[in-house]
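Contents: one structure, followed by commentary.
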Amino acid sequence: MGPKAIDVGRHPNIELLTYSEVEAVSGYVGNFSVKIRKKARYVDPEVCNSCNECAKVCPVVKPDEYQMGLGSRKAIYIPYPQAVPCSYILNMDDCLGTTPIACGKCADVCEQECIDYDDRDEIIERDVGAVIVAIGLDVYDPTELDDYGYTRFENVITSMEFERLICAGGPTAGHFIRPTDRERPKRIGFVQCVGSRNAAIGRPYCSNICCMNTIKDTLLLADHYPDLTNTVFYQDIRAFGKSFEDMFQRSKEAGTRYIRGLPGDIEEDPLTRNLLVTVENTTTGKLERHEFDMLVLSVGVIPPKDLAKISGLLTLSKTSDGFFLESHPKLKPIDAPTRGVYFAGFCESPKDIKDSVCQAGAAASRSGALLNAGQITVEAITSYIIEDACTKCGACASVCPYGAIIWEKGQFPVVVEAACAGCGCCGATCKSNAIVMRHFTDEQLIAQIRAILADKPEDKVFVFACNWCSYAGGDMAGISRIHYPSTNRVVRTMCSARVSEDMVLEAFRCGAPIVLVSGCHYADCHYINANRQTVKRVQRLWNKLDRLGIRPERLQLEWISAAEGQKFAKVMVQVEELRKKVTKEEIEQTIKALQEKPKKQRKAKSAKQTEASVSTP
Amino acid sequence: MTKKESFRCMMCGYEFEEPVEPGEDKERTCPMCRSNSIRHMKKRAVKDKTGESDE
Ligand SMILES: [Zn+2]
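Pasting the structure below:
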């Protein structure tokens with residue numbers, strides 16, 4: 305990593321801002337404006353020659369975060385040996401005082417005179433065309449799951465701490481010793497999947513890197529200390545990368561014992577401080593006891609703590625495991641749903657160095673292609689505002705998942721077409737019908753509803769299906785030759801959030817016995833989180849139907865993914881069953897209940913839309 | 020802050036209670052029939068910031 309970081313620091317076309325934090329991002333693809341806080345370092349990195357004289361005289365000793373607390377640092381320090389820029393930094397929270405009267409020893413000895421106690425944070429702004437999010441990961445904290453005695457037994461350490469203990473640049477200069485007696489351990493146990501693949505603690509995903517990291521560690525130990533015995537407790541060894549299986553075999557050949565089963569109980573021998581591990585070997589089905597000098601917990605990875613902040617700044621969303629949601633898991637794994645934003649590395653999903661490098665290269669290429677083109681093609685399906693009808697309420701701006709509608713109180717909202725992805729949520733939300741969604745106008749959709757239900761509506765189940773998932777789920781059911789009732793009639797919208805309350809009510813007004821609104825699962829929403837508005841809307845409709853004396857069960861909501869042909873068919877069977885229970889009298893009563901309040905407003909609005917759609921771009 | 024709230028499956032009619040965390044973003048499924056037609060049986064009408072109301 306060191307040489308790469310140095311290259312970046314020296315590159316004439318790269319401005320490297322370290323010890324800085326993004327405070328705000330505004331704008332859209334090609335036109336982002338980023339506000340950055342450059343934190344005060346109290347040391348001028350341009351002048352500092354890393355002579356270490358300041359650290360020598362600093363009286364403050366603190367645990368070194370880079371050494372996982374196994375070593376110490378001073379209040380003025382270099383964060384890690386190959387840090388770029390290679391300059392000291394003064395941690396003011398640790399420093400004894402900001403005036404030379406309190407301490408000031410470091411400034412006294414600094415020949416370069418590069419220490420400035422009056423340094424302050426600086427806010428800078430940069431205009432950028434694309435953003436690559438590469439905020440990395442955090443490591444699982446095993447204190448949460450104390451089953452393995454991490455907080456109770458000193459000789460139970462994490463894989464990160466182990467890494468520092470065997471590193472030549474580590475706190476022991478690479479001499480491998482155990483914490484309690486500083487002797488070299490002879491029997492090492494590794495416990496896999498600590499904080500990974502554990503639904504009970506809300507982390508059901510595989511962290512991807514831990515198996516290979518442990519295999520690497522066993523090979524390293526076998527190479528350096530042939531007298532040492534290694535035992536690995538695992539659920540499954542996942543060695544699926546290039547040459548990884550070979551490494552796994554070499555580890556076994558080097559004498560590492562692999563025991564399938566995770567320890568159930570760990571005790572410490574009070575005399576020797578050795579660790580006694582009870583484990584059910586799931587291969588033999590027998591309960592075993594093992595004694596180790598040291599136990600290494602192979603800790604998993606978790607989404608970085610700053611992820612929530614960055615998702616707020618860039619309107620990104622998360623998958624159920626907490627990592628960033630990509631534009632498409634298979635076809636656009638580098639792109640964020642927000643145009644002009646790309647992902648690299650762990651923040652998108654757990655991955656090893658090679659995959660991170662691949663993704664980083666791809667993200668650089670994607671943004672390079674975007675910027676070099678100099679222009680972008682906007683989506684054909686975007687929305688625009690009819691100012692004559694707009695009441696300036698701003699509801700559209702509040703529901704846009706992309707922040708593509710700019711609105712200020714008392715002003716007409718403005719759609720930034722470069723940022724609009726075309727979900728149509730704004731159009732369905734607008735109460736005054738002042739938004740037209742190109743190619744999916746209210747007019748067009750209402751016309752489809754009326755045409756479908758013009759003849760024998762009582763025999764039909766009316767379905768709104770989103771383009772990306774449920775409609776494709778219907779296709780999947782078809783190509784998989786799955787049988788389901790032929791009574792359904794589907795209207796496709798780009799997103800389920802495009803379906804307005806009025807469209808659903810219009811279907812009932814036209815005599816639909818059952819209306820189904822279907823969309824993508826939460827994690828799959830192709831418009832970040834637009835389908836959450838669908839849920840809110842359907843919820844309101846259920847309440848409304850109830851009040852009007854219409855059975856709310858006649859409106860159904862389902863999430864069907866493109867792969868769920870089976871589910872699509874199952875739902876069609878279920879809604880057909882519901883349809884059979886709706887009588888003609890019930891339909892007539894519904895039509896009457898809904899016609900009691902004629903929708904003058906809608907008619908007026910659709911007239912405006914027709915006018916506008918004829919005359920607009 | 021987590022409190023249990025009532026839900027009703029609009030597909031099979033099953034009623035159940037589930038904890039609801041403030042600001043949660045959770046896809047709900049009927050424990051009986053796996054349907055997503057889950058109606059949140061709130062006591063009072065609520066207004067959200069979109070201005071769309073229960074009324
Ligand atoms: Zn159900």
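Listed in order, the protein sequences are those of chains L and C. The first sequence begins at 305 in our numbering and counts up one residue at a time. The second sequence begins at 20 in our numbering and counts up one residue at a time. Glycine included, C-beta positions come from ideal geometry on N, C-alpha and C.
Within 10 angstroms of the Cβ of Val-879/L, are there 16 or more other Cβ atoms? Answer buried if so, exposed if not. Around the beta carbon of Val-879/L, 16 or more other beta carbons lie within 10 angstroms, which makes this residue buried.
Contacting residues, own chain, Cβ-Cβ under 7 Å from Arg-813/L (five flanking each side not counted): Closer than 7 Å at Cβ, skipping near neighbours: Ile-895, Leu-898 and Gln-899.
Under the three-state DSSP convention, the category Asn-55/C falls into: In the displayed model, Asn-55/C falls within coil according to three-state DSSP, outside both helix and strand.
Between Met-876/L and ligand 1, is the CB less than 6 Å from at least one heavy atom? No, the Cβ of Met-876/L stays beyond 6 Å of every heavy atom of ligand 1.
Where do the ends of the alpha helix (DSSP H) carrying Cys-773/L lie? Premise fails: Cys-773/L is in no alpha helix (DSSP H) and is neither H nor E.
Run down chain L in chain order and give the residues with a C-beta less than 9 Å from the C-beta of Ser-25/C. Residues of chain L passing the Cβ test: none, with the nearest at roughly 13 Å.
Residues in its own chain within less than 8 Å of Met-29/C by CB, not counting five upstream and five downstream? Sequence-distant partners of Met-29/C (beyond 5 residues in either direction) whose C-beta falls short of 8 Å from its own C-beta, in its chain, are Ser-54, Ser-56, Ile-57 and Arg-58.
Grouping DSSP H, G and I as helix and E and B as strand, with all else coil, what is Gln-878/L? Assignment of Gln-878/L by DSSP, reduced to helix, strand and coil, places it in the helix class.
Following a CB-centred definition, is Met-780/L positioned closer than 6 Å to any heavy atom of ligand 1? In this structure, the C-beta of Met-780/L stays at least 6 Å away from each heavy atom of ligand 1.
Suppose the cutoff is 7 Å on Cβ atoms and the five residues either side in sequence are ignored; what does the same chain contact list for Ile-657/L look like? There are no such residues.
Mapping the DSSP letters down to three states, classify Asp-67/C as helix, strand or coil. The predicted position of Asp-67/C is uncertain, since its pLDDT is 47 and thus under 50; no value can be drawn from it.
Segment contact flag, the region 712 to 719 of chain L with the region 767 to 787 of chain L, C-beta cutoff 8 Å, min 3 pairs: The region 712 to 719 of chain L, when compared against the region 767 to 787 of chain L, does not touch it at the 8 Å Cβ threshold.
Using three-state DSSP, classify Gly-589/L as helix, strand or coil. Here Gly-589/L sits in coil by DSSP.
Taking C-beta to C-beta, are Val-495/L and Leu-601/L nearer than 7 Å? It is a contact, given that the beta carbons lie within the stated cut-off.
Does the beta carbon of Glu-862/L sit closer than 7 Å to a beta carbon anywhere in chain C? So, interface residue.
Is any heavy atom of ligand 1 found at a distance shorter than 6 Å from the C-beta of Met-60/C? Checking the Cβ of Met-60/C against ligand 1 gives no.
Helix, strand or coil: which one does DSSP assign to Cys-31/C? In this structure, DSSP gives Cys-31/C a state outside helix and strand, which the three-state scheme calls coil.
On the criterion of 16 or more Cβ atoms from any shown chain inside 10 Å, does Ala-811/L qualify as buried, or is it exposed? Looking at its Cβ environment, which holds 16 or more other Cβ atoms inside 10 Å, Ala-811/L is buried.
Contact check, Glu-881/L vs Leu-845/L, beta carbons under 7 Å: Taking C-beta atoms as the reference points, Glu-881/L and Leu-845/L fail to come closer than 7 Å.
Report yes if the CB atom of Val-719/L is closer than 7 Å to the CB atom of Ser-687/L, and no otherwise. For Val-719/L and Ser-687/L, yes; Cβs fall inside 7 Å.
Heavy atoms of ligand 1 versus C-beta positions, residues under 5 Å: Every residue passing the under-5 Å Cβ criterion appears here: Cys-28/C, Met-30/C, Cys-31/C, Tyr-33/C, Cys-49/C, Met-51/C, Cys-52/C and Ser-54/C.
Need the endpoints of the alpha helix (DSSP H) that Leu-849/L sits in, please. In the DSSP assignment, Leu-849/L falls within the unbroken alpha helix (DSSP H) covering 835 to 851.
Within the same chain, show all residues whose beta-carbon is closer than 7 Å to that of Gly-778/L, passing over the 5 residues directly before and after it, in chain order. The residues are Ala-769, Val-794 and Phe-872.
Taking a Cβ distance cut-off of 7 Å, strictly less, list which residues of the region 842 to 853 of chain L are near chain C, in chain order. Correct list: Gln-843, Arg-844, Trp-846 and Asn-847.
So with Cβ pairs under 7 Å, would you call Val-918/L a contact of chain C? Reliability of the predicted coordinates at Val-918/L is poor, the pLDDT of 47 falling under 50, and the value obtained from them is presented with this limitation in mind. Chain C, which has no Cβ nearer than 7 Å to the Cβ of Val-918/L, makes this no.
Which listed residue (Pro-389/L, Gln-371/L and Gly-453/L) has its alpha carbon closest to that of Ile-310/L: Shortest Cα-Cα distance from Ile-310/L to any of Pro-389/L, Gln-371/L and Gly-453/L involves Pro-389/L.
Would DSSP call Pro-367/L helix, strand or coil? Pro-367/L falls in the strand class under three-state DSSP.
Which bits of chain C does Gln-878/L rub up against, with CB to CB less than 7 Å? Ordered by position in chain C, the residues that pass the 7 Å Cβ test against Gln-878/L are Met-30.
Distance cutoff 7 Å, beta carbons only. Does Glu-34/C sit that close to anything in chain L? The beta carbon of Glu-34/C does not come within 7 Å of any beta carbon belonging to chain L, so the residue lies off that interface.
Is Met-741/L helix, strand or coil by DSSP? Reduced to three states, the DSSP call for Met-741/L is strand.
Residue closest to Asp-689/L, alpha-carbon to alpha-carbon, out of His-830/L, Gly-698/L, Leu-532/L and Arg-542/L: In the sequence under discussion, the amino acid at residue 689/L is Ile, which differs from the Asp named in the question. The shortest Cα separation from Ile-689/L among His-830/L, Gly-698/L, Leu-532/L and Arg-542/L belongs to Gly-698/L.
Interface residues of the region 424 to 456 of chain L facing chain C [CB-CB below 9 Å]: The region 424 to 456 of chain L vs chain C, Cβ under 9 Å: nothing.
Hey, Asp-850/L and Cys-773/L: beta-carbon distance below 7 Å or not? Between Asp-850/L and Cys-773/L, the C-beta gap is not smaller than 7 Å, which leaves the two residues out of contact.
I'd like to know if the region 726 to 746 of chain L and the region 832 to 848 of chain L are in contact, where contact means that at least 3 CB-CB pairs between them fall below 8 Å. In this structure the region 726 to 746 of chain L lies against the region 832 to 848 of chain L, because at least three pairs of beta carbons, one per stretch, are closer than 8 Å.
Within a Cβ cutoff of 8 Å, which residues of the same chain sit near Cys-471/L, ignoring the five residues on either side of it in sequence? These residues qualify, in order along the chain: Gly-478.
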